[in-house]
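Worksheet: the structure to be examined is printed underneath.
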Amino acid sequence: MKALWLSVLTLRESVLKGTLLFFFIVSNLILLFFVIALGVTEEGGTTSLTLFGSIISPRGIEGFNAVQFILRQLFAGSTFWVLLFGLFATAGLIPSMLEKGTVELYLSKPLSRTSLLFSRAAGACAGIIFNLLYFAIAIWLIFGIKAGAWEGGFLLAAISTVPMFFFYYSVVAVTALMTNSTGFSIMFALIYYFFSGALAAREQVLYIWWDNPVFHRLLDVLYYATPQISPMIESATELIGPDFMRSRGMESAGGFDPLPFVWSLLSSSLLYAFAAWYFSRKDY
Amino acid sequence: MILLTSIPDFLNFSPPMAIVSTTNLSKTYETGIFRKTQIAALSGVSLSVEDGQIFGLLGPNGAGKTTLIKLLLGIAHPTSGEAAVLGHPLGSVAIRQNIGYLPENHRYPPFLSALQTLMYFGRLHGIPRSHLVGRARSLLALTGLSDWATMKIKKFSKGMLQRLGLAQALLADPPVLFLDEPTDGVDPIGRKEIRDILTTLRRGGKTIFLNSHMLSEVEEISDRVAILNKGRLVHVGSVKDITAHRLEYEIQLTAPPSPEVLSGLRALCKHVEVSGNRLTVHFFDQTQTQAVLDHLRTSGLALESFSPKKSKLEDYFIQLLKPREEA
Chain A
1 MKALWLSVLT LRESVLKGTL LFFFIVSNLI LLFFVIALGV TEEGGTTSLT
51 LFGSIISPRG IEGFNAVQFI LRQLFAGSTF WVLLFGLFAT AGLIPSMLEK
101 GTVELYLSKP LSRTSLLFSR AAGACAGIIF NLLYFAIAIW LIFGIKAGAW
151 EGGFLLAAIS TVPMFFFYYS VVAVTALMTN STGFSIMFAL IYYFFSGALA
201 AREQVLYIWW DNPVFHRLLD VLYYATPQIS PMIESATELI GPDFMRSRGM
251 ESAGGFDPLP FVWSLLSSSL LYAFAAWYFS RKDY
Chain B
1001 MILLTSIPDF LNFSPPMAIV STTNLSKTYE TGIFRKTQIA ALSGVSLSVE
1051 DGQIFGLLGP NGAGKTTLIK LLLGIAHPTS GEAAVLGHPL GSVAIRQNIG
1101 YLPENHRYPP FLSALQTLMY FGRLHGIPRS HLVGRARSLL ALTGLSDWAT
1151 MKIKKFSKGM LQRLGLAQAL LADPPVLFLD EPTDGVDPIG RKEIRDILTT
1201 LRRGGKTIFL NSHMLSEVEE ISDRVAILNK GRLVHVGSVK DITAHRLEYE
1251 IQLTAPPSPE VLSGLRALCK HVEVSGNRLT VHFFDQTQTQ AVLDHLRTSG
1301 LALESFSPKK SKLEDYFIQL LKPREEA
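Top to bottom, those sequences are chains A and B. Heads up: the first sequence begins at 1 in the numbering used here, then just goes up one per residue. Heads up: the second sequence begins at 1001 in the numbering used here, then just goes up one per residue.
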């Protein structure tokens, strides 16, 4: 119960800092865009999807599902930006708890340091996850009501972002604890965010830098030892219209792959465990 | 033959309970990239604080006062030594369940009001909501913040924040309070009010661990003091003992004494200082007072006052630390 209160205050702090409010406003503007722009038209006996009156189902491609196409693009794009935005909105929440004069107040309460850390992280993630789920459910409803396309896979993909952000936040938590600096936490998490994309494609992008087997194994270890952000987004996107890519003749798409989530769960658990161990030993 | 199966209460001479006890408590901070620089913040501190006392912790800046409190509360970890608070070993959650803490330069979430702050920290302490609302309001009244209960604390002055900090420390009605500079930034009237609150709390049986730079304040309300310097404990004792007069008296005369009178006094006393009509005399023992008074009367000098000169804690503090500082 005590830990829950800390999470609630953390959520409140992130709301009052304005970043989450900004995120909420941007989400609503995008939703408004779809409410106004999205439409359905009947032409020659077939139903097509329109944006501002223009048909967006390209002719000549048999079985093309415009709803799935838009939702896939929307999910992949918005998840990328939401995670990035979430980083800016929440990276300062752990360092602000560790500020001199504040940390003493928290550490003098009858809560374990592990509870303190995880409550703070949960509160930080809650705001982003709430906003993301709000946006996803609203998009799902808009497409369902306006186009009659109730794409359940989009909701599943949206739900998959809940663990995704919590996994990613483990990197922020460790950096914040070790540096006590909001700026450094943001900078490091940002570098990691883009670097993780490069790690996912290390064979094409990073191996060519240095043709050394030790370097290659090191990159492999880094890939598995840290949350796999890009593979998780790619895998979750496959939940939206699983046969969409195949319908476009792209057989390489293998559907939803749980492995990036499993590896990320393991690596982020290790990172959180390290953060808890480090926090419990640190003097303030 | 009478068998005593239990000891009657009046025969039970148990020593006063030690609320805080430390044995050779030390803390060394390691700094630098490779942690090669070592700073001894506290070295071998052994002390004991008894139940129902106000215990003053004194020392110059960097003496280790705050470090000692942080070690006792589990905010920092000792390098060596042992300590217990209320019989619980350091780091125990049971300690934090039974203490109230007002840290130095504390920072509360600025977006909360005074009442919300108390509600929030009360919930973190595990106080049930039903009990908390009334408790928070009564503490705001006690610390003179009732009129500002709903004001955001980012608008509070330093003095108001100190009062709020004290209210926060008292939320769980803990038996032990650790107060780090509780009157810092508070105006003289507010300081007096805080001192009154602390003495009332002591009367209610609370033990207060008081860390303050205001020596006069510590002298006024503390029962015992510990003086730290450069991480070492240089004195522990009762304030009464420190400030007790040491056979020194001040005599106010109606006229300045003549050289003959003075030479007579010097023959009777250990030391005599003259400043106009005022004399400061230091006796060898208490029995000399009557002889001195008789000498003054027979010399035709009238006395305006005769009073023992009390030492100040500040004088003792400076006297104790000055040679060390110079060394």
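Built from N, CA and C at the ideal position, the CB exists for glycine as well.
8 Å is my cut-off, CB to CB: does residue i come that close to chain A?
{"i": "Q1038/B", "result": "no"}
{"i": "F1111/B", "result": "yes"}
{"i": "L1004/B", "result": "Only weak support is given to the placement of L1004/B: the predicted model assigns it a pLDDT of 46, under 50, and the value that follows is read from those uncertain coordinates. L1004/B does not count as touching chain A."}
{"i": "G1126/B", "result": "yes"}
{"i": "V1093/B", "result": "yes"}
Quick one: which chain B residues come within Cβ less than 7 Å of residue i?
{"i": "G101/A", "result": "P1103, N1105, H1106 and R1107"}
Does the Cβ of residue i have 16 or more other Cβ atoms within 10 Å, making it buried, or fewer, making it exposed?
{"i": "F1024/B", "result": "The sequence shown places Asn at residue 1024/B, rather than the Phe named in the question. Exposed, because fewer than 16 other Cβ atoms sit within 10 Å of the Cβ of N1024/B."}
{"i": "H1131/B", "result": "exposed"}
{"i": "I191/A", "result": "exposed"}
{"i": "L29/A", "result": "exposed"}
{"i": "K109/A", "result": "buried"}
{"i": "P1308/B", "result": "exposed"}
{"i": "Q1358/B", "result": "Because chain B is modelled from 1001 through 1327, residue 1358/B falls outside the range shown and cannot be assessed."}
{"i": "K1027/B", "result": "buried"}
{"i": "N131/A", "result": "buried"}
{"i": "W5/A", "result": "buried"}
{"i": "E974/B", "result": "Outside the shown range of chain B (1001 to 1327) lies residue 974/B, about which nothing can therefore be said."}
{"i": "F1156/B", "result": "buried"}
{"i": "W1148/B", "result": "buried"}
{"i": "P95/A", "result": "buried"}
{"i": "G60/A", "result": "Residue confidence is low: G60/A scores 48 on pLDDT, short of 50, so the model does not pin down where it sits. No coordinate-derived value is stated."}
{"i": "Q1392/B", "result": "What is shown of chain B runs 1001 to 1327, which leaves residue 1392/B out entirely."}
Taking C-beta pairs closer than 7 Å, name the residues in chain A that residue i reaches, listed in chain order.
{"i": "I1075/B", "result": "E104, L107, S108 and Y284"}
Under 8 Å Cβ-Cβ, which residues of chain A neighbour residue i?
{"i": "V1097/B", "result": "The sequence shown places Gln at residue 1097/B, rather than the Val named in the question. The answer, in chain order, is P110."}
What does residue i reach in chain B if we use C-beta pairs closer than 8 Å?
{"i": "W5/A", "result": "Y1120, R1123 and L1124"}
Check the Cβ of residue i against every Cβ in chain B and list those closer than 9 Å, keeping chain order.
{"i": "L21/A", "result": "Here the premise fails: no neighbours, minimum Cβ distance about 13 Å."}
Can a CB atom of chain B be found closer than 8 Å to the CB of residue i?
{"i": "L16/A", "result": "yes"}
{"i": "K146/A", "result": "no"}
{"i": "L83/A", "result": "no"}
{"i": "L177/A", "result": "no"}
{"i": "L9/A", "result": "yes"}
{"i": "T13/A", "result": "Checking the displayed sequence, the identity of residue 13/A turns out to be Glu instead of Thr. For E13/A, the answer is yes, since a Cβ of chain B falls inside 8 Å of its Cβ."}
{"i": "S252/A", "result": "Annotation note: pLDDT 48 at S252/A (below 50); position unreliable, no value reported."}
Closer than 8 Å, CB to CB, is residue i near chain C or not?
{"i": "I1069/B", "result": "Reference to chain C is not applicable here, since the protein chains of this structure are A and B."}
Is the segment 1208 to 1225 of chain B touching the segment 1029 to 1043 of chain B in the sense that three or more CB pairs, one from each, lie closer than 8 Å? no
Is the segment 70 to 83 of chain A touching the segment 1051 to 1067 of chain B in the sense that three or more CB pairs, one from each, lie closer than 8 Å? no
Taking three-plus beta-carbon pairs below 8 Å as touching, is the segment 1156 to 1167 of chain B in contact with the segment 1212 to 1221 of chain B? no
Measuring CB atoms only, is the segment 1121 to 1137 of chain B touching the segment 12 to 20 of chain A, in the sense that at least three cross pairs come out at less than 8 Å? no
Would you say the segment 1227 to 1242 of chain B touches the segment 1075 to 1089 of chain B, given that touching needs at least three Cβ pairs under 8 Å? no
I want to know whether the segment 1045 to 1061 of chain B touches the segment 77 to 88 of chain A - three or more CB-CB distances under 8 Å. no
Quick one: which unbroken alpha helix (DSSP H) runs of 4-plus residues sit fully inside the segment 1213 to 1278 of chain B? Chain order, please. 1215 to 1221, 1239 to 1243 and 1259 to 1268
Complete runs of the alpha helix (DSSP H) confined to the segment 164 to 242 of chain A [at least 4 residues]: 182 to 200, 202 to 205, 213 to 225 and 229 to 237
Are at least three pairs of beta-carbons, each pair with one atom in the segment 265 to 277 of chain A and one in the segment 99 to 119 of chain A, less than 8 Å apart? yes
Okay, do the segment 224 to 236 of chain A and the segment 181 to 199 of chain A touch, 3+ Cβ pairs below 8 Å being the bar? yes
Contact between the segment 1112 to 1132 of chain B and the segment 1164 to 1181 of chain B: three or more CB pairs below 8 Å? yes
Using 8 Å as the threshold, is the segment 203 to 213 of chain A in touch with the segment 94 to 113 of chain A, meaning 3 or more CB pairs across them? no
4-residue-minimum alpha helix (DSSP H) runs that sit fully inside the segment 25 to 101 of chain A, ordered along the chain: 66 to 90 and 93 to 97
Quick check: the segment 1245 to 1254 of chain B against the segment 1275 to 1290 of chain B, are at least 3 beta-carbon pairs closer than 8 Å? yes
Three-pair Cβ contact test at 8 Å for the segment 1175 to 1186 of chain B versus the segment 1090 to 1106 of chain B: yes
What beta strand (DSSP E) runs, 3 residues minimum, are completely inside the segment 1170 to 1203 of chain B? 1176 to 1180
Considering only residues of the segment 1040 to 1103 of chain B, which uninterrupted beta strand (DSSP E) runs meet the minimum length of 3 residues and lie entirely inside it, listed in chain order? 1054 to 1058, 1080 to 1085 and 1099 to 1102
Spell out a yes or no on whether the segment 261 to 271 of chain A and the segment 163 to 175 of chain A are touching, meaning 3 or more CB-CB pairs, one atom from each, closer than 8 Å. yes
Is the segment 1254 to 1264 of chain B close to the segment 1294 to 1301 of chain B, with three or more CB pairs under 8 Å? yes
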